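First up is the structure itself, then whatever we jot down about it.
There are 2 protein chains.
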Amino acid sequence: MLQSPPAIPGMREDEIDTPALVIDLDAFEFNLDRMAALLAPTGVKLRAHAKTHKSPVIARLQMARGAIGQCVQKVAEAEILAWGGIPDILVSNQVVGAQKLARLCALARIAKVAVCVDHPLQVAAIEAAAEDAGIRMTVLVEIDVGAARCGVTPGPEAVALAQRIAGSKHLIFGGLQAYQGSAQHKRTVAERRTLIDVAVDASRRTVEQLRQQGLDCPIVGGAGTGTFQIESASGIYTEMQAGSYVFMDADYARNFEEGGAPVSTFRHSLFVLSTVMSAPVPSIAVLDAGHKAVAVDSGLPTVWQRPDIRYVGASDEHGKLEVGSETSAPKLGEKLRLVPGHCDPTVDRFDWYVGVRNGRVECLWPVAARGGFA
Amino acid sequence: MLQSPPAIPGMREDEIDTPALVIDLDAFEFNLDRMAALLAPTGVKLRAHAKTHKSPVIARLQMARGAIGQCVQKVAEAEILAWGGIPDILVSNQVVGAQKLARLCALARIAKVAVCVDHPLQVAAIEAAAEDAGIRMTVLVEIDVGAARCGVTPGPEAVALAQRIAGSKHLIFGGLQAYQGSAQHKRTVAERRTLIDVAVDASRRTVEQLRQQGLDCPIVGGAGTGTFQIESASGIYTEMQAGSYVFMDADYARNFEEGGAPVSTFRHSLFVLSTVMSAPVPSIAVLDAGHKAVAVDSGLPTVWQRPDIRYVGASDEHGKLEVGSETSAPKLGEKLRLVPGHCDPTVDRFDWYVGVRNGRVECLWPVAARGGFA
């Protein structure tokens, strides 16, 4: 069942029950504005990734600042956005299975919906589902631009798949999905640029080959928070799919900018507020947020603005702290903000966002697509 | 919002939408029966840990086989069990914060509820909440039996805390919580025994010192799936708190039994059913279950009964497989069972269990306390 919200608007932050997923609304809005300002001069559009936030409320705030739509990874996420009024949704992923395709095609009646493929069998299945639903579906070809995960080989294989889409009665060829996920957390700009240069070349070459076959390529989509400034300056990408920029996390904070400074483009706006629930001896303090509440796939969380305290161990429901000196040990009942190691899966653990400004709870937003794996 | 169930009873397993949390009901019932049979001759009781399953349905199946009650880690889990009719619940953890204590005390009107402490301030807070609610609360003293997480030092410090409980008007001293979590996944029996011997000695010594002060110790609780056979033979522990035994996982499967054989006491009964959603080239296959769906804190999942296939990389919603030879490569759309690396946090990602027997869906059970972090 849905968990009850851990706060009510008007409460002080220290009255929020924990663990709670807290948004610093000032930092969050700074991030929304900053991305819009960075992309405006490039002419490249933002199609923000909703796998990060899973919220039609946040999607609308992005679109109010110029985002042309949203990406999702899953049909269940697309449903939540479409039902929440988001008009333009790309499933930046393959969708396999008749049940999921029927759900996706049903959404095409209330929103502009598109999906990716990397195999002819997927094209046939989507064509059948679209015919069955009596709709037309926009389909992008995903190309493998270096991550060796999903996607066909750039060039002729991608062109052949695009032709198959364009030749299907109920399908529209929408363009290329060209996301290089493994570049996002390379620590230096030079490393990220090396990988994205390959992705840009592969995309440009494929677009040219499509044109030679008479196929226009309306969308070339990709990029994440770690690299969008490279893709958006490439002249070939048309849509940026960054998601994490709204929140940031401890793993993105380990990236460096040009010159070697830590990244400062966006601010940490997402926190897991946690309480010291055990402090039996001065050297030990245990928080009530373990790895069920804070994702540890990309490293442990850090403790916000407390360089004297380290989160050193996560079990299911316990977070063990290491305290620099006895004088700074957090007290039983004290509340600390954690910066998640990885924002996306941390968000997916919670039913509610608690929006905070100037120390007070301003809003509650549901994590509406939480657990939307289908 | 709650996700829709991925199946309906009567479906074939290969019709279940994925990713889905699947229980092999035969293996699951084998585990329930086996634990009951193993504990019966010892006279030690099972108070199964519901942090694993988060389900009043499964709790009732455990109690129908002799379990005297359930453990939980969180008040939100205790609520779900109490509302679901479970009569005897121990929060095997500290509960800090007035809101949580008020919720816990409210449950004492519909179930027998107990909670642990490791600090005098917690005793005072529970006394105040119990007085406020007009109930009496049973309180156990958690002792640190070697894991260096929560718990007071065994011996005089524990006795002093017990006396403080016994001297509180609205509290009842319930006994000792003596769980050694860090022993559960030591790979050899000798390693596990060495650690549990320390826990047993510390518990015995503390019980004796309590008796010397006139304090009876009704409960000495602890143990997990990795060690309960040691604690249950100790003559000092009275309640076993194993949880994972109902499902098992890939991490527990890496433990060895006496003589060096892999553990075979319980069977794998929990799986994440997943679909191959991308297979662009014969050497690559990608599943639709990444680390949002399958917890990776204790290692990657394994592929059930497919030694030729390895799950080698998890991103948010993708699971990358490495295939031994081209002939055995799973096909696009093929469904595979994953054995989660860690059962507890994997369960906590899903809204529904799908119970399967003889290849057919027999039941749907909600993961009722999912996300119950409060």
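Quick note, the sequences are listed as chains A and B, same order.
What the first sequence shows, in the numbering used here, is residues 1 to 374, in sequence order.
What the second sequence shows, in the numbering used here, is residues 375 to 748, in sequence order.
Glycine included, every Cβ here is placed at the ideal spot set by N, Cα and C.
Because the structure is a prediction, the values reported are computed rather than measured.
With 16 as the cutoff for other CB atoms within 10 Å, does B:Gln586 come out buried or exposed? If you number the second sequence from 1, residue 586 of chain B lands on position 212. Exposed.
Can you list, in chain order, the residues of its chain whose CB lies under 6 Å from that of A:Val189, leaving out five sequence neighbours each side? Walking along the first sequence from the start, residue 189 of chain A turns up at place 189. So the qualifying residues of the chain are Glu258.
By Cβ distance below 8 Å, which residues in the same chain neighbour A:Leu364 in space, the five residues on each side in sequence not counted? Residue 364 of chain A sits at position 364 when you count from the first residue of the first sequence. Counting only residues of its own chain and dropping the five nearest sequence neighbours on each side, A:Leu364 has a CB closer than 8 Å to the CB of Pro5, Ala7, Ile8, Pro9, Trp352, Tyr353, Val354, Gly355.
Cβ neighbour criterion (16 or more within 10 Å) applied to B:Val446: As a working mapping, residue 446 of chain B is identified with position 72 in the second sequence. With 16 or more other Cβ atoms within 10 Å, it is buried.
Chain B beta carbons: is any one of them nearer than 8 Å to that of A:Gly371? Residue numbering aside, residue 371 of chain A sits at position 371 when the first sequence is read from its first letter. True, the Cβ-Cβ gap to chain B drops below 8 Å.
Through-space distance from A:Gly84 to B:Met651, alpha-carbon basis: By 1-based counting over the second sequence, the position of residue 651 of chain B is 277. By 1-based counting over the first sequence, the position of residue 84 of chain A is 84. Straight-line measurement puts the Cα of A:Gly84 at about 27 Å from the Cα of B:Met651.
What does DSSP give as the partner residue(s) for A:Glu322 in the beta ladder? What you label residue 322 of chain A is simply residue 322 of the first sequence in a count that begins at 1. Answer by DSSP bridge pairing, in chain order: A:Ile284, A:Arg310.
Is there contact here, the segment 20-36 of chain A with the segment 318-328 of chain A, by at least three beta-carbon pairs under 8 Å? Flag = no, the segment 20-36 of chain A and the segment 318-328 of chain A do not touch.
Judging by CA-CA distance, which residue of A:Leu2, A:Asn31, A:Arg149, A:Asp17 is the nearest neighbour of A:Ser264? On the first sequence, residue 264 of chain A is found 264 positions in, with the first residue counted as 1. Checking every option, the nearest Cα to that of A:Ser264 belongs to A:Asn31.
What residues from the segment 61-93 of chain A come within 8 Å of chain B, judged by C-beta to C-beta, listed N to C? Gln73, Lys74, Ala76, Ile80, Asn93
Go through the segment 54-121 of chain A residue by residue and report every complete run of the beta strand (DSSP E) that reaches 3 residues or more, in order. Counting only runs of 3 or more, we get 69-72, 88-94, 112-117.
How would you call A:Thr194, buried or exposed, if buried means at least 16 neighbouring beta carbons within 10 angstroms? By one-based count along the first sequence, residue 194 of chain A stands at place 194. Counting Cβ neighbours within 10 Å, A:Thr194 comes out exposed, since fewer than 16 surround it.
What first and last residue would you give for the alpha helix (DSSP H) that runs through A:Met1? Looking up residue 1 of chain A in the first sequence gives position 1. Element bounds for A:Met1: n/a, residue is neither H nor E.
Counted within 10 angstroms of its Cβ, other Cβ atoms place B:Val686 as buried (16 or more) or exposed: Stepping through the second sequence from its first residue, residue 686 of chain B is reached at position 312. It counts as exposed.
Can you check DSSP and say which residues form a bridge with A:His49? Working through the first sequence from its first residue, we reach residue 49 of chain A at position 49. Bridge partners of A:His49: A:Cys71.
I'd like to know whether the C-beta of B:Cys737 is nearer than 8 Å to at least one C-beta of chain A. Stepping through the second sequence from its first residue, residue 737 of chain B is reached at position 363. Judged by the 8 Å Cβ criterion, B:Cys737 is not in contact with chain A.
Which chain B residues sit within Cβ distance under 9 Å of A:Pro366? Along the first sequence, read from residue 1 onward, the residue named residue 366 of chain A stands at position 366. Proximity of chain B to A:Pro366 at the Cβ level (cut-off 9 Å) is accounted for by Met375, in chain order.
I'd like to know whether the C-beta of A:Gly181 is nearer than 8 Å to at least one C-beta of chain B. Here residue 181 of chain A refers to the residue found at position 181 of the first sequence. Interface residue, yes.
Quick one: what does DSSP say A:Ile165 is sitting in, helix, strand or coil? As a first step, residue 165 of chain A is located in the first sequence; it is residue number 165 there, counting from the start. Residue state, collapsed to three classes: helix.
In whole angstroms, what separates the C-alpha of B:Glu565 from that of B:Ala557? Within the second sequence, residue 565 of chain B is the residue found at index 191, counting from 1. Within the second sequence, residue 557 of chain B is the residue found at index 183, counting from 1. So the two alpha carbons sit approximately 8 Å from each other.
Round the Cβ separation of A:Ala279 and A:Leu332 to the nearest angstrom and send it over; I've been treating them as touching at under 8 Å. Indexing the first sequence from 1 puts residue 279 of chain A at position 279. Indexing the first sequence from 1 puts residue 332 of chain A at position 332. So it is a contact: roughly 5 Å between Cβ atoms.
Considering only the alpha carbon of each residue, which of B:Arg561, B:Val470, B:Ser648, B:Met437 lies closest to A:Phe373? Working through the first sequence from its first residue, we reach residue 373 of chain A at position 373. Sorting B:Arg561, B:Val470, B:Ser648, B:Met437 by C-alpha distance to the C-alpha of A:Phe373 places B:Ser648 at the top.
Around the C-beta of B:Gly609, are 16 or more other C-beta atoms found within 10 angstroms, so that it is buried, or is it exposed? For the purposes of this step, residue 609 of chain B is identified with residue 235 of the second sequence, where counting begins at 1. Per the 10 Å Cβ criterion, exposed.
Going by C-alpha distance, which of A:Phe228, A:Asp288, A:His291 is nearest A:Arg47? For this step, residue 47 of chain A is matched to residue 47 along the first sequence. Here the closest residue by C-alpha is A:Phe228.
Local Cβ density within 10 Å of A:Gly134, reported as buried at 16 or more and exposed below that: Taking the first sequence and counting its residues from 1, one reaches residue 134 of chain A at position 134. Exposed.
Have a look at B:Trp678 and B:Lys709 and give me their C-alpha separation to the nearest angstrom. In the second sequence, the residue the question calls residue 678 of chain B occupies position 304. In the second sequence, the residue the question calls residue 709 of chain B occupies position 335. Between the alpha carbons of B:Trp678 and B:Lys709 lies a gap of roughly 11 Å.
Can at least three beta-carbon pairs, one atom from the segment 146-158 of chain A and one from the segment 124-132 of chain A, be found at a separation below 8 Å? no
What are the boundary residues of the alpha helix (DSSP H) that A:Ala20 is part of? The sequence position of residue 20 of chain A within the first sequence is 20, counting from 1. No alpha helix (DSSP H) holds A:Ala20; the beta strand (DSSP E) holding it covers 20-24.
Closest by C-alpha distance to B:Ile570, when choosing among B:Gly520, B:Ala534, B:Thr580: Taking the second sequence and counting its residues from 1, the one referred to as residue 570 of chain B is at position 196. Minimum Cα-Cα distance from B:Ile570 among the listed residues B:Gly520, B:Ala534, B:Thr580 corresponds to B:Gly520.
My guess is that B:Cys546 and B:Ala532 are in contact by the Cβ rule of under 8 Å, so how many angstroms apart are they, rounded? Here residue 546 of chain B refers to the residue found at position 172 when the second sequence is read from its first residue. Here residue 532 of chain B refers to the residue found at position 158 when the second sequence is read from its first residue. Checking the sequence shown, residue 546 of chain B turns out to be Ile, not Cys. Cβ atoms of B:Ile546 and B:Ala532 stay farther apart than 8 Å, at about 16 Å.
I think B:Leu478 touches B:Ala452, with their Cβ atoms under 8 Å apart; what is that distance to the nearest whole Å? By one-based count along the second sequence, residue 478 of chain B stands at place 104. By one-based count along the second sequence, residue 452 of chain B stands at place 78. Right, the Cβ-Cβ distance comes to about 7 Å (below 8 Å), so this counts as a contact.
Over the uninterrupted beta strand (DSSP E) stretch that includes B:Pro740, give me the two end residues. To locate residue 740 of chain B, count along the second sequence from 1; it is residue 366. B:Pro740 -> beta strand (DSSP E) spans 734-740.
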